[in-house]
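K.L.:
Got a structure for you, written out below as structure tokens; questions coming shortly.
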Amino acid sequence: MNRVPLPVVQETPEPVECTECGKCCTYVGVEIDAPDRAKDASDILWYLYHPNVYIYVDGNEDWSVHFESRCDNLGDDLLCRIYEQRPHICRGFDNRTCEVNDHEHTALTMHTPAEFLDWLRVNRKKVYKKIQKRYLPPDLQPTPAEPPRERKKQKKGKKGRMRKS
Ligand code: SF4
Ligand code: SF4
């Protein structure tokens with residue numbers, strides 16, 4: 807009798823509870839423009855030149871800059887000390903859709919200029935070229951490509967001839 811493979815049922819993991827997490831109370835996030843223009847890409851480089859600052863792109867491809875900084879109202883027990891009076895923005899966080907529990911979308915986090923430039927080189931080629939010309943310091947410039955092997959051989963031959971004469 808032929809065996810028919812049964813479909814694999816993917817179990818959704820239990821959501822992380824806010825009382826075990828507290829992550830969204832440890833940074834300030836500000837929405838920014840996606841790097842579709844050289845100016846915006848240059849702004850992102852500027853953010854990433856600063857320690858403890860990183861770029862976050864959520865599942866809806868909304869870009870934001872995050873400044874790592876723990877809220878003074880977050881207790882050691884990960885509870886908000888001013889929960890009933892917490893700011894409007896804090897009330898918008900929902901642990902069913904937040905960055906920790908959103909398993910459907912793949913968010914992107916970039917901590918260094920190099921990580922961002924790798925992304926830009928692949929996803930916004932024209933913007934990368936403009937940035938490379940005007941805004942990249944030497945240590946962030948791509949390493950020059952190796953010359954093709956054929957040309958290397960030719961050079962060797964010429965050198966050899968010169969030594970003989
Ligand atoms: S909303 Fe999400 S990120 Fe924020 S504390 Fe709750 S589980 Fe953590
Ligand atoms: S006020 Fe409360 S909920 Fe808002 S960031 Fe601070 S600790 Fe978190």
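All the letters of the sequence shown, read from the start, carry residue numbers 807 to 971 under my numbering. Glycine is no exception: its CB is placed at the ideal position from the N, C-alpha and C atoms. Note that the structure is predicted; figures quoted are calculated from it, not measured.
Measure the alpha-carbon distance for valine 871 versus arginine 809 and round it to whole angstroms.
P.N.:
In the sequence shown, counting from the first residue as 1, residue 871 sits at position 65. In the sequence shown, counting from the first residue as 1, residue 809 sits at position 3. Their backbone Cα atoms lie some 52 Å apart in a straight line.
K.L.:
Taking 5 Å as the limit, name every residue whose beta carbon sits nearer than that to some heavy atom of ligand 2, in sequence order.
P.N.:
Selection output, chain order preserved: Cys831, Cys877, Asn879, Leu880, Cys886, Arg892, Cys896.
K.L.:
In whole angstroms, what separates the C-alpha of leucine 851 from that of valine 834?
P.N.:
Here residue 851 refers to the residue found at position 45 when the sequence shown is read from its first residue. Here residue 834 refers to the residue found at position 28 when the sequence shown is read from its first residue. If you take the alpha carbons of leucine 851 and valine 834, they lie about 18 Å apart.
K.L.:
Under the rule that 16 or more other beta-carbon atoms within 10 Å means buried, what is phenylalanine 873, buried or exposed?
P.N.:
Against the sequence shown, residue 873 aligns to sequence position 67. Phenylalanine 873 comes out exposed.
K.L.:
Nearest by alpha-carbon distance to proline 943: which of Gly898, Gly865, Leu923 is it?
P.N.:
As a first step, residue 943 must be located in the sequence shown, where it is residue number 137. Ranking the options by Cα distance to proline 943, first place goes to Leu923.
K.L.:
If you run the structure through DSSP and keep just helix, strand and coil, what is glutamate 905?
P.N.:
The count along the sequence shown starts at 1 and reaches residue 905 at position 99. Coil, per DSSP.
K.L.:
Quick one: is the Cβ of valine 822 within less than 7 Å of any heavy atom of ligand 1?
P.N.:
Residue 822 sits at position 16 when you count from the first residue of the sequence shown. Valine 822 Cβ: within cutoff of ligand 1.
K.L.:
Mind checking whether arginine 897 and cysteine 831 have CB atoms under 8 Å apart?
P.N.:
Here residue 897 is taken as the residue at index 91 of the sequence shown, counted from 1. Here residue 831 is taken as the residue at index 25 of the sequence shown, counted from 1. Result no, Cβ atoms of arginine 897 and cysteine 831 do not sit closer than 8 Å.
K.L.:
Say the cut is 7 Å; is the CB of glycine 835 nearer than that to a heavy atom of ligand 1?
P.N.:
To locate residue 835, count along the sequence shown from 1; it is residue 29. Not under cutoff, so the answer is no.
K.L.:
Taking 7 Å as the cut-off, is the C-beta of glutamate 874 nearer than that to any heavy atom in ligand 1?
P.N.:
Numbered from its first residue, the sequence shown carries residue 874 at position 68. Outside the cutoff, so no.
K.L.:
Do tyrosine 855 and proline 919 count as a contact pair if the criterion is CB distance below 8 Å?
P.N.:
Here residue 919 corresponds to residue number 113 of the sequence shown, with the count starting at 1. Here residue 855 corresponds to residue number 49 of the sequence shown, with the count starting at 1. Their beta carbons are under 8 Å apart, which means proline 919 touches tyrosine 855 by this criterion.
K.L.:
If you draw a straight line from the alpha carbon of aspartate 846 to that of aspartate 839, how long is it in whole angstroms?
P.N.:
Your numbering for residue 846 matches position 40 in the sequence shown. Your numbering for residue 839 matches position 33 in the sequence shown. Approximately 7 Å, taken between the alpha carbons.
K.L.:
Whether or not the region 820 to 827 and the region 883 to 892 are in contact is what I'm after, with contact meaning three or more pairs of Cβ atoms, one per stretch, closer than 8 Å; do they touch?
P.N.:
Touching, yes, given that three or more Cβ pairs across the two stretches are closer than 8 Å.
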